[in-house]
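Here the structure comes first, spelled out in C-alpha cells, and everything after it is commentary.
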Amino acid sequence: MARGPKLTKQQQRQVDRRRRVGQTPVGDDLLTGVVVTHHGHDLLIEDDVHKLHRARARRTVGRLATGDRIRWRHDDHGHVVVEQREERVNLLVRPDAYGKKKLMAANIDQVIIVTAPLPWMNPEVVERTLVAVLALPARPLILLNKADLLDKTAPADLEEIETTLALWQGLGFPVIRTSVKTGRGMDELETALAGRTSLMIGLSGVGKTSLTREITPLAGDAAIGEISAFNREGTHTTRASTLYRFADMPGGLIDAPGLRDFPLEQVPEEVLDAGFPEIAEAAVYCRFNDCRHMNEPGCAVLAAVDEGKILARRLRQYQELLKTD
65 MARGPKLTKQ QQRQVDRRRR VGQTPVGDDL LTGVVVTHHG HDLLIEDDVH
115 KLHRARARRT VGRLATGDRI RWRHDDHGHV VVEQREERVN LLVRPDAYGK
165 KKLMAANIDQ VIIVTAPLPW MNPEVVERTL VAVLALPARP LILLNKADLL
215 DKTAPADLEE IETTLALWQG LGFPVIRTSV KTGRGMDELE TALAGRTSLM
265 IGLSGVGKTS LTREITPLAG DAAIGEISAF NREGTHTTRA STLYRFADMP
315 GGLIDAPGLR DFPLEQVPEE VLDAGFPEIA EAAVYCRFND CRHMNEPGCA
365 VLAAVDEGKI LARRLRQYQE LLKTD
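Sequential numbering of the sequence shown, starting at 65, is according to our numbering.
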C-alpha cells in the first residue's frame with residue numbers, strides 16, 4: 065500500500081491538536097453551523113441560513129456547548145451528524161448541583177448584566193461580574209431594567225443607584241436604562257445587540273424573561289415552536305442554554321436559565337486592572353512597582369482613597385480578587 069508523505073513535526077502537532085479539540089481535516093462536503101441548544105446527546109443546530117436541524121455529534125467531537133461553531137454533514141440515512149468543532153473564542157463553565165462542570169455557552173461576544181431599581185443588585189456583585197466577563201473574555205454591558213420604577217424609588221435609594229451608575233459609566237463601562245413597559249432604551253439596546261452573540265445574567269425579578277421575549281421573537285413562530293418542542297418546555301423556559309436569534313438583525317441572545325453570576329477563580333492582573341481602571345491609573349505613581357496598596361509607604365492608591373478619589377470598598381474588593389490569582 066502506498067504511503068502518503070511523512071508529516072513534519074509541526075504538521076503532526078497540528079493534527080494532534082485538532083484531534084484533541086474534536087477536529088479533523090476539513091472535507092469538501094462539510095457544512096458550517098452553530099449549536100442552538102442540546103438535550104442530553106441530542107443537538108439542535110442551525111445552518112448558515114438559520115434553518116434548524118436535529119443532530120448528533122460523533123464521539124471524537126467531545127462535549128458541545130450552546131454557541132459552538134461546528135461542521136456537519138448528512139449521513140447515508142439523511143441524519144445530521146456533527147463531525148467537527150471549531151476552535152472556541154471562549155467558554156463559560158460552571159459547576160452544577162453535584163459539582164460536575166457544566167458547559168453553559170461558547171463564543172460569547174457580550175455579557176449583559178441586568179439590574180433593576182427593585183431588586184437592586186449589590187454593586188460589588190456587579191463589579192465582580194464585570195471582572196469575570198473581562199476574563200472570559202467578552203464585552204460587558206450593564207443594563208438597568210425597569211427604569212420606569214425610578215420615579216417610585218425612595219430618594220435615598222435613588223441617590224445610591226444614580227451614584228453607582230455614574231461611577232460605572234465614568235470608569236468606561238457602558239450602561240443602558242431600559243423599560244419593556246414604556247419602551248425606554250429598547251432602541252439603544254437593539255443597537256448594542258446587533259451583530260453580537262450576547263448572554264444575559266441577573267437576579268430573579270429584574271425582568272430578564274420579559275426582555276428576552278421582547279428582543280428575541282426569532283424569525284417566526286415556527287422556529288420558536290421547534291426550539292420549544294425540542295427542549296420539551298415552553299417558550300423561553302428551557303432548562304438548557306439556548307441561542308435565540310433576532311428577527312430583523314444579525315446576532316443572537318443566549319438564554320442560560322439559572323445563571324445569576326459568573327464563577328471567578330484566578331484573575332490575571334491585567335484583567336483586574338481593566339476591571340478597576342481607577343486603581344490601575346493611580347498605581348502608576350506608587351513608590352514601589354510591586355505595591356499591593358496595603359500599607360506600603362508612598363502608595364498613591366491609598367492616598368487617592370484618603371482623598372476620596374477612589375472608593376474604599378473598591379480597593380478592598382480589588383485586594384480580595386488579587387488574592388485569588
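Beta carbons are placed, not taken as given, at the ideal position from N, Cα and C, and that holds for glycine. All of these numbers come straight from a predicted model, not from anything done at the bench.
Query, Result
"Residue range of the unbroken alpha helix (DSSP H) whose run includes P219", "219–234"
"K373, enclosing beta strand (DSSP E) - first and last residue", "Per DSSP, K373 belongs to no beta strand (DSSP E) and is neither H nor E."
"Between the CA atoms of K210 and I240 - distance to the nearest angstrom", "11 Å"
"Whole-angstrom distance between M168 and H143, CA atom to CA atom", "26 Å"
"Identity of the residues DSSP links to D319 by a beta bridge", "T306"
"Neighbourhood of D233 by C-beta distance below 7 Å, restricted to the same chain and skipping five residues each side", "Per the sequence presented here, residue 233 reads as Gln, with Asp not at that position. Cβ within range, chain order: V239."
"Assigned exposure category for M264 - 16 Cβ within 10 Å defines buried", "buried"
"Inside the segment 134–205 only - alpha helix (DSSP H) runs reaching at least 4 residues", "187–199"
"Buried/exposed call for K165, threshold 16 Cβ in 10 Å", "exposed"
"Residue(s) in a DSSP beta bridge with A121", "V146"
"Reference P332, options A121, V195, V113, closest by Cα", "V195"
"Contact between the segment 328–344 and the segment 185–200 (3+ Cβ pairs under 8 Å)", "yes"
"Where L128 falls: helix, strand or coil (DSSP)", "coil"
"Extent of the continuous beta strand (DSSP E) run through L336", "Unbroken run through L336 is the alpha helix (DSSP H), 333–339; no beta strand (DSSP E)."
"Touching by the beta-carbon criterion (3+ pairs, under 8 Å), the segment 364–377 and the segment 216–225", "no"
"Residues of its chain near L323, where Cβ-Cβ distance is below 7 Å and the 5 sequence neighbours each way are ignored", "M168, I265"
"Limits of the alpha helix (DSSP H) - the one that L275 falls within", "272–279"
"Other residues of its chain near N154: CB distance less than 8 Å, five sequence neighbours each side excluded", "A170, N171, I172, L200, P201, A202"
"Spatially closest choice to S268 from R378, R120, V178, by CA coordinates", "V178"
"Cut-off 8 Å between Cβ atoms - residues of its own chain near G236, not counting five sequence neighbours on either side", "P341"
"Buried versus exposed call for A121 [16 or more other C-beta atoms within 10 Å across all chains shown]", "buried"
"C-alpha distance - L307 paired with R248, whole-angstrom precision", "25 Å"
"Three-state secondary structure (DSSP) of M264", "strand"
"Minimum C-alpha distance to E384 - residue among A368, L213, L328", "L328"
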